[in-house]
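S.K.: Quick one: structure below, then a few questions.
In this note's numbering, the protein residues as written are 1192 to 1305.
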């Protein structure tokens, strides 16, 4: 299964874009242009990288491409950190289940005792 291409957004003026919701009682936004780039790992969206600027039309297509490349690397790093945490937690749980107290840091309570 290949990677899913999630839509990015290059918003020249947030006050004119129908996707941008402005509250009627809110003051004029401090930012006028925006980039929105999803943080994707395969088919999973981990979040969205948002960049704002106070000038209308500040961002270009080249900048969007650059931010997309950076977002791809950020998504991989976030996913790797989460995988590391899961593996570490499972290793600690296995050590606890086998009776080893070396794998559990002092003061850490196993999740089944919470």
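Cβ coordinates follow ideal geometry from the N, Cα and C atoms, glycine included. Everything numeric in this text was worked out from a predicted model, so none of it was measured.
#1: Return the first residue and the last residue of the beta strand (DSSP E) that residue 1246 is part of.
#2: To the nearest angstrom, how far is it from the Cα of residue 1153 to the Cα of residue 1255?
#3: Exposed or buried, what is residue 1224 when buried is set at 16 or more other beta-carbons lying within 10 Å of its beta-carbon?
#4: Where DSSP assigns a beta bridge to residue 1224, which residues make up the other side?
#5: Comparing alpha-carbon positions, which option in 1206, 1210 and 1227 lies nearest residue 1217?
#6: So, do the region 1234-1251 and the region 1277-1285 have three or more beta carbon pairs nearer to each other than 8 Å?
#7: Can you tell me whether DSSP reads residue 1213 as helix, strand or coil?
#8: Can you tell me whether DSSP reads residue 1286 as helix, strand or coil?
#9: If you draw a straight line from the C-alpha of residue 1303 to the C-alpha of residue 1226, how long is it?
#10: If you check the beta carbons only, do residue 1222 and residue 1259 fall under 8 Å apart?
M.R.: Looking at the atomic coordinates:
#1: Taking the first residue of the chain shown as 1, we reach residue 1246 at position 55. Counted as a single uninterrupted DSSP element, the stretch harbouring residue 1246 is not any beta strand (DSSP E), since DSSP gives it neither H nor E.
#2: With the chain represented from 1192 up to 1305, any question about residue 1153 goes unanswered, as that position is not in the structure.
#3: Position 33 of the chain shown, counted from the first residue, corresponds to residue 1224. Residue 1224 sits buried, since 16 or more C-beta atoms from the chains shown fall within 10 Å of its C-beta.
#4: For the purposes of this step, residue 1224 is identified with residue 33 of the chain shown, where counting begins at 1. Answer is 1244, bridged to residue 1224.
#5: Counted from its first residue, the chain shown places residue 1217 at position 26. That would be 1206, whose Cα lies nearest to the Cα of residue 1217.
#6: Remark: fewer than three beta-carbon pairs, one from each stretch, lie closer than 8 Å, so the region 1234-1251 and the region 1277-1285 are not flagged as touching.
#7: Within the chain shown, numbered from 1, the residue matching residue 1213 stands at position 22. Residue 1213: coil per DSSP, three-state reduction.
#8: The residue you call residue 1286 lines up with position 95 of the chain shown. Three-state result, residue 1286: helix.
#9: For this step, residue 1303 is matched to residue 112 along the chain shown. For this step, residue 1226 is matched to residue 35 along the chain shown. The pLDDT assigned to residue 1303 is 48, lower than 50, so where the model puts this residue is not dependable; a value taken from the coordinates is nonetheless given after this. Answer to the nearest angstrom: the Cα atoms are 43 Å apart.
#10: Here the question's residue 1222 lines up with position 31 in the chain shown. Here the question's residue 1259 lines up with position 68 in the chain shown. In this structure, residue 1259 does not lie closer than 8 Å to residue 1222 by Cβ.
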